[in-house]
Structure formats: structure tokens, C-alpha cells
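Residues in the sequence shown are numbered from 1 upward in steps of one, following UniProt numbering.
Data first, discussion second: the structure below is written as C-alpha cells.
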Amino acid sequence: KAVENLHNQKEADIHQKYEERQLETEHVQAILHNKIQLLQEEVRLAKKEAEKMVAVAEAEKLRSLELEEKLSNCNQENQEKLKLWESHEQALREKNRIIDQLTQALRTKDVHFGQLNKENLNAVDNHVGGLEYRVEELTDTLRQKESEVEDLQDELGREKLRTQQEMQDLEDPVPKAN
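Laid out in C-alpha cells, this is it:
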């Protein structure tokens with residue numbers, strides 16, 4: 001009875017630890033999944049914002065190019081028009097610089113978010129791998145304990161039969177010699 005209770009307690013402990021590890025794994029996976037989703041949403045929003053900025057910058061660039069073309073067709077002798085043209089050309093250079101900066105910022109964000117996503121996926125894989133290894137260890141330990149319990153049950157059964165036989169021998173009258 002004590003062996004059976006010990007076996008049941010050990011089996012319950014192993015099962016409880018297994019379930020705790022399983023819950024911990026699921027919890028970590030859920031957290032990491034949420035983080036990945038948040039990062040992906042941030043990437044999507046950043047890309048969308050950058051695309052808007054690029055579109056505005058491109059529109060400004062086109063507008064500036066149109067102004068530059070109009071100015072080049074005007075009378076080059078008119079000093080005021082020349083000054084205006086130079087002013088627009090400077091604005092165009094500034095806007096092109098801004099476009100280049102925005103484009104570079106978008107590329108940098110893409111690389112950064114890609115790295116974060118990769119790091120999170122690697123962290124998930126590493127953690128899950130470690131937990132899977134621990135679950136395998138616990139499963140192997142459980143199998144070993146079950147085997148030990150079976151051996152003890154077999155030994156208990158043999159001992160029970162031996163005891164019953166001894167009891168039977170004690171109860172049977174000893175045959176008298178005639």
C-alpha cells in the first residue's frame with residue numbers, strides 16, 4: 001500500500017511538473033507571439049507612414065521639377081525670374097535631400113524591424129527547443145518511474161502469492177504418518 005501511495009504521489013508530481021512546463025511553454029509562446037504581432041504592426045504602420053511621406057516628397061519633387069522647367073523656359077535675361085528659379089532649385093535640392101533621408105530612414109527601419117523579428121523568432125525557437133528537451137527528459141523519467149512501479153508491482157504480486165501459499169500451508173493440517 002505504501003509503495004502504491006509513493007508511486008501515485010511520484011506519478012502525480014511528475015504529471016504536475018509536466019503540466020506546469022507545458023503551461024509555461026504556452027504562456028511564453030503567447031507572449032512572444034503577441035510581441036511579434038505588435039512589432040509587425042509597428043513595421044506596417046511605419047512603412048505606411050514612410051510611404052505617405054515618400055508620396056508627398058515625390059509630389060513636391062514633381063512640382064519642383066515642373067517649376068524648374070517653367071523657369072528654364074522663361075526669359076533668362078529677367079533677373080527676378082532667375083532669382084526665383086535659383087530659389088526653387090534650392091528648394092528642390094532640399095526636398096530631394098529630405099526624400100533621400102526619408103528613404104534611408106525607411107530602409108533602416110525595415111532592417112531594424114527585420115532584425116527584431118528574426119531575433120524574436122530565434123528566441124521563441126530557442127525557448128521552445130529548451131522546453132521540448134525538458135519535456136522529453138520528464139517523459140523519459142516518467143517512463144522509467146512507470147517501469148520501476150511495474151517491477152515493484154510484479155514483486156509485490158509474487159510476494160503476495162508466496163504469503164498466500166505460506167498461509168495455506170499453515171492452515172492445511174499436517175498429514176499424520178500411519
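A virtual CB, placed ideally from N, CA and C, is assigned to each residue, including glycine.
In this text the structure is predicted, and so the values were computed from the model without any measurement.
Between the stretch 46-58 and the stretch 97-104, the count of C-beta pairs closer than 8 Å reaches three or more; the two stretches touch. Taking C-beta separations shorter than 6 Å and ignoring five residues to either side along the sequence, the partners of L142 in its chain run I14, following chain order. If only complete runs of 3 or more residues are kept, the UniProt region "Disordered" (142-178) shows no beta strand (DSSP E) anywhere.
The beta-carbon separation of L161 and V3, rounded to 16 Å, does not stay under the 8 Å limit for a contact. Short of 7 Å from the beta carbon of K10, and not among the five residues preceding or following it, lie these beta carbons of its own chain, in chain order: K145. With contacts defined by Cβ atoms closer than 7 Å, V111 and R21 do not form a contacting pair. In the three-state scheme derived from DSSP, where H, G and I count as helix and E and B as strand, K1 is classed as coil. Excluding the 5 residues flanking it on each side, S64 has same chain C-beta neighbours closer than 7 Å at H88, A91, L92 and K95, in chain order. Comparing alpha-carbon positions, the option among L121, G129, T108 and M53 lying closest to T25 turns out to be G129. The residue among F113, E69 and Q29 with its C-alpha nearest the C-alpha of E41 is F113. Between N120 and I36 the beta-carbon gap is near 5 Å, inside 8 Å, which marks them as a contact.
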